[in-house]
Amino acid sequence: MIQDKQYYLDIFKVGQQDLDNLIAIAMGRGGSYADLFFENSVYSDLMLRDGKVASGGFHIDYGVGIRTLCGEKTGYAYSESTQPAAMKAAAASASAIGEGRIRVSDSIAEENGYVPRLYKGRPNPAADRYPIISDWAKEKPEQLAKTLYKLEEKLRVADSRIVKIMAVLSWQNSDVLMYNSFGELKYETRPMGTLAVSVILSDGKNLVNSHASRSFRMGSEMLTEALVDTLAKEAVKNMDDKFKAGRPKGGKMPVVMGAGASGILLHEAMGHAFEADFIRKGQSVFNGMLGKRICADDITIVDDGTIRGNRGALNFDDEGVPAQRTVMVENGVLTSFLHDRISARALQTQPTGNGRRESFRYAPIPRMRATYMESGSSTAQDIIGSVKKGIYVDEFSNGQVKIGEGDFTFYVKSGYLIENGRLTMPVKDINIIGNGPRALGQIKAVGNDAIVDEGAWTCGKEQSVPVSCGIPTVLVEGLTVGGE
Amino acid sequence: MTEAFLNEIEIAAARAFLDKALEAGAQKCRVTLSKSVMDLIGVLDGQVDKITHSMDRSVTLALYADGKFGTFSTNKLEEGVQEFVEKALETVRMMAPDACRDLPAPNRTEKGYGDLKVCDTAAYEAMTMELRRKKALEGSVFGSHPDIISEEAEYSDTLTDVCILDSNGTFCRQSEATFDFANEITVRDADAKVSAYWWDSARTADGLDTAAVGQEALRGALEKRNARACKGGKMAMVADRECAARLLAPVLSAMNGFSIQQNNSFLADKLGKKIFPDFLDVTDLPREAGAYGSRLFDSEGVATRNLPLIEKGVLKNWFVNTYIANKMNITPTVDDASRPVVASTVDKDCKQLLQACLDGLAGGDKGTVVVTGFNGGNCNSATGDFSFGVEGFYHGPEGSFPVREMVMTGNMLELWNNLVAVGNDARPCKPRVVPSLVFKDVDFSS
Numbered sequence: 001m002i003q004d005k006q007y008y009l010d011i012f013k014v015g016q017q018d019l020d021n022l023i024a025i026a027m028g029r030g031g032s033y034a035d036l037f038f039e040n041s042v043y044s045d046l047m048l049r050d051g052k053v054a055s056g057g058f059h060i061d062y063g064v065g066i067r068t069l070c071g072e073k074t075g076y077a078y079s080e081s082t083q084p085a086a087m088k089a090a091a092a093s094a095s096a097i098g099e100g101r102i103r104v105s106d107s108i109a110e111e112n113g114y115v116p117r118l119y120k121g122r123p124n125p126a127a128d129r130y131p132i133i134s135d136w137a138k139e140k141p142e143q144l145a146k147t148l149y150k151l152e153e154k155l156r157v158a159d160s161r162i163v164k165i166m167a168v169l170s171w172q173n174s175d176v177l178m179y180n181s182f183g184e185l186k187y188e189t190r191p192m193g194t195l196a197v198s199v200i201l202s203d204g205k206n207l208v209n210s211h212a213s214r215s216f217r218m219g220s221e222m223l224t225e226a227l228v229d230t231l232a233k234e235a236v237k238n239m240d241d242k243f244k245a246g247r248p249k250g251g252k253m254p255v256v257m258g259a260g261a262s263g264i265l266l267h268e269a270m271g272h273a274f275e276a277d278f279i280r281k282g283q284s285v286f287n288g289m290l291g292k293r294i295c296a297d298d299i300t301i302v303d304d305g306t307i308r309g310n311r312g313a314l315n316f317d318d319e320g321v322p323a324q325r326t327v328m329v330e331n332g333v334l335t336s337f338l339h340d341r342i343s344a345r346a347l348q349t350q351p352t353g354n355g356r357r358e359s360f361r362y363a364p365i366p367r368m369r370a371t372y373m374e375s376g377s378s379t380a381q382d383i384i385g386s387v388k389k390g391i392y393v394d395e396f397s398n399g400q401v402k403i404g405e406g407d408f409t410f411y412v413k414s415g416y417l418i419e420n421g422r423l424t425m426p427v428k429d430i431n432i433i434g435n436g437p438r439a440l441g442q443i444k445a446v447g448n449d450a451i452v453d454e455g456a457w458t459c460g461k462e463q464s465v466p467v468s469c470g471i472p473t474v475l476v477e478g479l480t481v482g483g484e
Numbered sequence: 485m486t487e488a489f490l491n492e493i494e495i496a497a498a499r500a501f502l503d504k505a506l507e508a509g510a511q512k513c514r515v516t517l518s519k520s521v522m523d524l525i526g527v528l529d530g531q532v533d534k535i536t537h538s539m540d541r542s543v544t545l546a547l548y549a550d551g552k553f554g555t556f557s558t559n560k561l562e563e564g565v566q567e568f569v570e571k572a573l574e575t576v577r578m579m580a581p582d583a584c585r586d587l588p589a590p591n592r593t594e595k596g597y598g599d600l601k602v603c604d605t606a607a608y609e610a611m612t613m614e615l616r617r618k619k620a621l622e623g624s625v626f627g628s629h630p631d632i633i634s635e636e637a638e639y640s641d642t643l644t645d646v647c648i649l650d651s652n653g654t655f656c657r658q659s660e661a662t663f664d665f666a667n668e669i670t671v672r673d674a675d676a677k678v679s680a681y682w683w684d685s686a687r688t689a690d691g692l693d694t695a696a697v698g699q700e701a702l703r704g705a706l707e708k709r710n711a712r713a714c715k716g717g718k719m720a721m722v723a724d725r726e727c728a729a730r731l732l733a734p735v736l737s738a739m740n741g742f743s744i745q746q747n748n749s750f751l752a753d754k755l756g757k758k759i760f761p762d763f764l765d766v767t768d769l770p771r772e773a774g775a776y777g778s779r780l781f782d783s784e785g786v787a788t789r790n791l792p793l794i795e796k797g798v799l800k801n802w803f804v805n806t807y808i809a810n811k812m813n814i815t816p817t818v819d820d821a822s823r824p825v826v827a828s829t830v831d832k833d834c835k836q837l838l839q840a841c842l843d844g845l846a847g848g849d850k851g852t853v854v855v856t857g858f859n860g861g862n863c864n865s866a867t868g869d870f871s872f873g874v875e876g877f878y879h880g881p882e883g884s885f886p887v888r889e890m891v892m893t894g895n896m897l898e899l900w901n902n903l904v905a906v907g908n909d910a911r912p913c914k915p916r917v918v919p920s921l922v923f924k925d926v927d928f929s930s
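Sequences listed follow chains A and B, in order. Take the numbering used here: the final residue in the first sequence is number 484, and no numbers are missing along the way. Take the numbering used here: the final residue in the second sequence is number 930, and no numbers are missing along the way.
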């Protein structure tokens with residue numbers, strides 16, 4: 001949601017002159033660029049546990065982060081108060097990075113050809129990717145709690161083996177205002193709503209747990225009957241199989257990634273290594289690969305901030321650069337890394353709108369938004385049918401990557417053994433490990449069914465930011481699967 | 485004293501939140517006031533790349549009104565207190581009643597501003613920007629080896645100050661200062677690259693040897709070159725002192741009262757039972773002076789005390805806060821582990837334990853994997869089934885070489901019952917005091 005400029009200036013109790021003064025202080029010791037990031041976030045939650053919504057609350061976080069750049073070097077400080085003295089002190093702390101330096105030669109300004117002014121105009125409400133139809137701030141908690149009770153009711157009906165249900169509804173509105181030494185001023189209100197449920201089921205002998213979530217940059221209009229139905233069904237999906245699930249014999253084998261949440265493979269195995277701070281520092285396994293073929297020509301991988309209402313959507317990033325759809329791999333060729341202003345300067349290209357931060361407490365760094373692989377031409381059935389012995393995975397949790405080596409890992413909550421082209425024994429609680437560039441090269445089939453998953457994915461690279469991921473059904477020829 | 489400590493005005497502000505909550509109709513209230521100041525110098529390839537100064541303050545309210553409960557926080561201490569409290573109470577009154585919500589009994593809470601020797605004020609106040617830069621740059625090893633591609637290091641010092649006040653009259657406070665340095669080195673590995681990370685922490689800047697950290701990170705990176713997977717199967721495992729705590733974490737998590745109450749713990753019906761080896765003792769020792777993890781009180785203000793967790797293989801206690809205790813009608817303890825210590829069973833460090841493995845203590849005929857780091861993975865809290873990516877070194881019939889792209893899989897209870905020995909080399913800078921651990925018959929896949 002984008003409100004009038006004055007709305008944001010009033011929240012932060014600043015005027016144009018204050019902004020200019022702070023920039024002048026931040027650049028006062030030789031800085032070549034400075035920016036301000038004001039934030040007023042209100043996060044609220046309600047939790048249903050043991051049959052009642054008996055806990056919840058709200059949390060206010062308010063302040064301004066001030067950054068000074070000297071070339072690629074960063075000075076950063078923040079203030080939790082927007083009183084002039086406190087902000088000036090923070091600006092002075094940030095300016096220390098420039099101590100003893102002479103400006104001009106290391107400028108990242110337009111005239112050096114690296115970073116053109118990107119967005120001089122006012123934010124445009126008509127182009128807003130997350131207009132708020134029903135404002136969370138105007139909802140009464142007892143009304144919102146009804147969604148949680150409805151979800152519980154549907155779950156109880158769906159599976160009588162449920163022994164515990166815990167459901168959480170959380171929502172956040174963040175008012176942000178940004179200003180930089182180019183004179184660019186941006187402002188908007190970023191909503192986020194998340195409905196998540198965990199269930200424990202017992203068959204009298206064994207316990208099985210399951211989790212499902214949906215998260216959107218939307219107002220409370222996201223809380224529809226259909227959403228509750230979807231979550232209830234997903235939380236108890238394939239439970240008979242989960243009770244029967246075991247572990248396969250471990251080893252290297254073909255892995256078929258189910259469409260949607262398997263996009264965590266892209267996020268971990270490739271996406272992080274495409275983040276250009278790692279390129280700038282020489283740490284990524286993809287250093288020196290730009291413009292080169294890195295996988296089959298039916299593979300296109302995108303990082304997209306433009307999907308309306310998506311958890312990874314942005315109008316502009318946390319450096320004020322417009323969000324975009326960045327094609328990282330096009331028909332198998334590495335075409336772009338993900339840039340903030342610093343890495344763009346270092347690699348002499350333009351920022352891609354990936355400069356993101358957890359809050360005003362953090363300096364922005366290159367981060368993914370919604371990362372997905374586009375559809376190919378195979379059907380999921382044909383892909384599974386082509387595997388003599390392997391694993392099909394359809395539910396994931398956390399993943400991780402080692403940037404330098406490219407080794408990645410993700411945890412499979414559930415899936416199936418594939419034997420002679422058919423799904424057979426259910427499997428669960430196994431880890432899969434591989435190497436990013438090698439896994440990309442080992443993708444042998446791409447399905448025609450790409451889905452961007454709408455779960456509450458959060459990426460934890462130094463700071464937590466909301467993201468999403470997606471993929472069509474994909475066959476990777478050889479990954480290491482943990483097992484007995 | 486430095487601005488990093490809570491001052492009288494801030495503590496008075498916290499009292500104002502408490503008083504206004506009670507005036508507005510709350511029957512009980514707890515206020516947690518915290519403040520943290522951190523200065524950080526980042527070094528990239530031997531040069532200062534980042535300077536950060538941060539100061540955080542916040543107030544968190546736990547409100548109890550008309551049998552209902554809610555938690556609220558803000559970092560606006562000086563303005564809008566009345567409005568904040570009134571809105572919070574309005575929210576609380578919309579919740580369903582929950583009779584189990586309560587403050588801890590006054591006789592259980594810590595009193596006063598205690599000193600566990602975890603905050604060397606003089607050492608903290610002596611730090612200047614120049615000293616920080618010097619300390620950070622001293623830890624750089626960039627250029628010291630021809631195969632170094634990249635170095636990313638961070639020096640930081642942090643002072644945290646926390647106090648808890650409640651409507652039962654509790655007031656307790658603790659301050660802590662740490663001086664930290666971490667270095668990640670990336671080196672050439674044939675036509676690829678490999679990286680390693682090392683860190684250390686001390687109570688004074690003088691006690692922090694940043695140069696040694698840099699050297700250790702470099703050594704780690706160079707040793708990891710030419711890594712490959714060994715053949716999978718059941719092998720002995722030494723989890724070294726840097727990563728062994730990862731194997732204790734799921735056990736501690738399963739001892740949390742919330743998990744127990746929610747039927748989401750593989751230790752739910754195991755209290756008082758012998759479920760670990762006879763020789764395994766784990767004790768929470770939260771009051772050792774100067775130690776990492778030491779704390780005087782938990783998040784409710786409950787005074788910490790020594791707490792046996794596992795004694796001669798018997799599970800002795802869970803972590804139970806006031807709410808869970810009331811809900812399950814059991815005796816409360818503390819909300820979580822502070823400084824769990826796994827008692828050593830041998831007078832050996834990791835290297836000696838490894839040699840013992842190779843000599844046949846646990847290695848079997850397939851060899852031993854010395855795990856130096858975990859790469860992702862998870863543990864199912866309800867069943868204890870786990871699967872972790874591992875890296876480290878293989879020693880056995882295939883030779884001795886670094887390993888990567890391997891996975892270990894099993895069940896937490898089975899794993900701990902395959903524990904063979906506990907070393908004596910726990911790192912003092914870690915709040916979970918877990919030395920190198922030796923296990924037999926661990927499933928590795930490659």
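Virtual Cβ for every residue (Gly too), placed ideally from N, Cα, C. Computed from a prediction, not measured in an experiment: that's the story for all the values here.
> Is ASP10/A buried or exposed, if buried means 16 or more other CB atoms sit within 10 Å of its CB?
Replying inline: The residue you call residue 10/A lines up with position 10 of the first sequence. By the 10 Å Cβ count, ASP10/A comes out exposed.
> Is the CB of ASP533/B under 8 Å away from at least one CB in chain A?
Replying inline: Within the second sequence, numbered from 1, the residue matching residue 533/B stands at position 49. So yes, ASP533/B belongs to the interface.
> Residues in its own chain within less than 8 Å of VAL874/B by CB, not counting five upstream and five downstream?
Replying inline: One-based indexing of the second sequence puts residue 874/B at position 390. Once the five neighbours on either side are set aside, the close Cβ partners of VAL874/B are VAL853, VAL855, GLY857, PHE858, ASN859, VAL887, MET890, VAL891, MET892 and PHE928.
> Taking C-beta to C-beta, are SER468/A and GLY353/A nearer than 8 Å?
Replying inline: Taking the first sequence and counting its residues from 1, the one referred to as residue 468/A is at position 468. Taking the first sequence and counting its residues from 1, the one referred to as residue 353/A is at position 353. Cβ atoms of SER468/A and GLY353/A: not closer than 8 Å.
> THR612/B: buried (16+ other C-beta within 10 angstroms of its C-beta) or exposed?
Replying inline: Sequence index remark: in the second sequence, residue 612/B carries index 128 (1-based). Classification for THR612/B: exposed.
> Between which two residues does the alpha helix (DSSP H) carrying PRO232/A extend?
Replying inline: The residue given as residue 232/A occupies position 232 in the first sequence. A small correction: the amino acid at residue 232/A is Ala; Pro does not occupy that position in the sequence shown. 225 to 235 is the span of the alpha helix (DSSP H), which, as asked, contains ALA232/A.
> From PHE243/A, ASP18/A and GLU99/A, pick the residue whose C-alpha is nearest to that of ARG29/A; which is it?
Replying inline: As a first step, residue 29/A is located in the first sequence; it is residue number 29 there, counting from the start. The candidate whose alpha carbon is nearest that of ARG29/A is GLU99/A.
> Between ALA773/B and GLY691/B, what straight-line distance do the alpha-carbon atoms span, to the nearest angstrom?
Replying inline: For the purposes of this step, residue 773/B is taken as the residue at position 289 of the second sequence. For the purposes of this step, residue 691/B is taken as the residue at position 207 of the second sequence. The straight-line gap from Cα to Cα measures roughly 16 Å.
>> Applying the 10 Å Cβ sphere with the 16-neighbour rule, what's the burial state of GLN400/A?
In response: Counting from one through the first sequence, the residue named residue 400/A turns up at place 400. Around the beta-carbon of GLN400/A, 16 or more other beta-carbon atoms lie within 10 Å, marking it buried.
> Does DSSP put SER377/A in a helix, a strand or coil?
Replying inline: Position 377 of the first sequence, counting from 1, holds the residue named residue 377/A. When DSSP states are grouped into helix, strand and coil, SER377/A belongs to the coil group.
> Under a Cβ-count criterion, where at least 16 other Cβ atoms within 10 Å of its own Cβ denotes burial, should THR371/A be classed as buried or exposed?
Replying inline: Here the question's residue 371/A lines up with position 371 in the first sequence. A residue is called buried once 16 or more other Cβ atoms fall within 10 Å of its Cβ, and THR371/A is buried on that count.
>> So, for VAL938/B: in the same chain, excluding its five sequence neighbours on each side, which residues have a beta-carbon less than 6 Å away from its beta-carbon?
In response: Summary: the structure shown does not reach residue 938/B, with chain B confined to residues 485 through 930, and so no result is reported for it.
>> Does any residue of chain A have a CB that is nearer than 8 Å to the CB of GLU487/B?
In response: In the second sequence, counting from the first residue as 1, residue 487/B sits at position 3. Not closer than 8 Å to any Cβ of chain A, the Cβ of GLU487/B fails to qualify, so no.
> With 8 Å set as the bound, which would you pick, yes or no: does the beta-carbon of ILE495/B sit closer than that to a beta-carbon of chain A?
Replying inline: As a working mapping, residue 495/B is identified with position 11 in the second sequence. No, no contact with chain A.
> Which same chain residues, not among the five before or five after ARG592/B, have their C-beta less than 6 Å away from its C-beta?
Replying inline: As a working mapping, residue 592/B is identified with position 108 in the second sequence. Answer for ARG592/B: VAL786, listed in chain order.
>> What would DSSP say about ASP493/A, mapped onto helix, strand or coil?
In response: Chain A is shown only over 1 to 484; residue 493/A falls outside these bounds and no answer can be derived.
>> Quick check on DSSP: helix, strand or coil for ARG499/B?
In response: The residue you call residue 499/B lines up with position 15 of the second sequence. The answer is helix: DSSP assigns ARG499/B an H, G or I state.
> According to DSSP, which residues form a beta bridge with TYR43/A?
Replying inline: Here residue 43/A refers to the residue found at position 43 of the first sequence. Within the DSSP secondary-structure output, TYR43/A pairs in a beta bridge with HIS59/A and GLN172/A.
> Would LEU587/B count as contacting chain A if we go by Cβ distances under 8 Å?
Replying inline: As a working mapping, residue 587/B is identified with position 103 in the second sequence. Chain A contact via Cβ: absent.
> Under a three-way DSSP split, which group does PRO472/A fall into?
Replying inline: Sequence index remark: in the first sequence, residue 472/A carries index 472 (1-based). Here DSSP, grouped into helix, strand and coil, assigns PRO472/A to coil.
> At a CB-CB cut-off below 9 Å, which residues of chain B make contact with GLN283/A?
Replying inline: By one-based count along the first sequence, residue 283/A stands at place 283. Under the 9 Å cutoff, chain B gives ILE633, SER634, GLU636, GLU668, THR670, LYS677 and SER679.
> What beta strand (DSSP E) runs, 3 residues minimum, are completely inside the segment 576 to 659 of chain B?
Replying inline: Segments of the beta strand (DSSP E) lying fully in the segment 576 to 659 of chain B: 632 to 650.
> Hey, LEU643/B and SER659/B are a contact pair by Cβ (cut 8 Å); roughly how many whole angstroms apart?
Replying inline: Position 159 of the second sequence, counted from the first residue, corresponds to residue 643/B. Position 175 of the second sequence, counted from the first residue, corresponds to residue 659/B. Rounded, the Cβ-Cβ distance is 7 Å, consistent with contact.
> Do ALA723/B and SER920/B have their C-beta atoms closer together than 8 Å?
Replying inline: Reading the second sequence from its first residue, position 239 is the one you call residue 723/B. Reading the second sequence from its first residue, position 436 is the one you call residue 920/B. In contact: ALA723/B and SER920/B (Cβ atoms closer than 8 Å).
> Among ALA96/A, ALA167/A, THR306/A and ALA137/A, which residue has its Cα nearest to the Cα of ALA235/A?
Replying inline: Your numbering for residue 235/A matches position 235 in the first sequence. The candidate whose alpha carbon is nearest that of ALA235/A is ALA167/A.
> Which residues of chain A have a Cβ atom closer than 8 Å to the Cβ of ARG616/B, listed in chain order?
Replying inline: Locating residue 616/B in the second sequence gives position 132, where the first residue counts as 1. Those within 8 Å of ARG616/B in chain A number zero; the least Cβ separation is about 11 Å.
> For ASN435/A, does the count of other Cβ atoms within 10 angstroms reach 16, so buried, or fall short, so exposed?
Replying inline: Start at 1 with the first residue of the first sequence, and residue 435/A comes out as number 435. It is buried - the Cβ of ASN435/A has at least 16 other Cβ atoms within 10 Å.
> Since TYR392/A contacts VAL256/A with CB under 8 Å, what's their CB separation in whole angstroms?
Replying inline: Walking along the first sequence from the start, residue 392/A turns up at place 392. Walking along the first sequence from the start, residue 256/A turns up at place 256. Yes, they are in contact, since the Cβ atoms of TYR392/A and VAL256/A sit about 5 Å apart, within 8 Å.
>> If contacts are defined as beta-carbon pairs under 8 Å, then PRO366/A and SER343/A qualify, I think. What distance do you get, rounded to the angstrom?
In response: Against the first sequence, residue 366/A aligns to sequence position 366. Against the first sequence, residue 343/A aligns to sequence position 343. Contact between PRO366/A and SER343/A holds, since their C-beta atoms are separated by about 6 Å, short of 8 Å.
> Is the segment 514 to 526 of chain B touching the segment 613 to 620 of chain B in the sense that three or more CB pairs, one from each, lie closer than 8 Å?
Replying inline: By the Cβ rule, the segment 613 to 620 of chain B counts as touching the segment 514 to 526 of chain B, because three or more pairs are nearer than 8 Å.
>> Is it buried or exposed, PHE664/B, if we count other Cβ atoms within 10 angstroms and call 16 or more buried?
In response: As a working mapping, residue 664/B is identified with position 180 in the second sequence. Phe is not the amino acid found at residue 664/B; the sequence shown has Asp there. By the neighbour-count definition (other C-beta atoms within 10 Å, threshold 16), ASP664/B is a buried residue.
> From what residue to what residue does the beta strand (DSSP E) around TYR807/B run?
Replying inline: Within the second sequence, residue 807/B is the residue found at index 323, counting from 1. Counting along the chain, no beta strand (DSSP E) covers TYR807/B; the unbroken alpha helix (DSSP H) around it starts and ends at 806 to 812.
> Can you find a heavy atom of the ligand HEM that lies under 7 Å from the Cβ of GLY63/A?
Replying inline: In the structure on display, the ligand HEM does not appear, and there are no ligands present to speak of.
> Within 10 angstroms of its Cβ, does GLU700/B collect 16 or more other Cβ (buried), or is it exposed?
Replying inline: Counting from one through the second sequence, the residue named residue 700/B turns up at place 216. So GLU700/B counts as buried.
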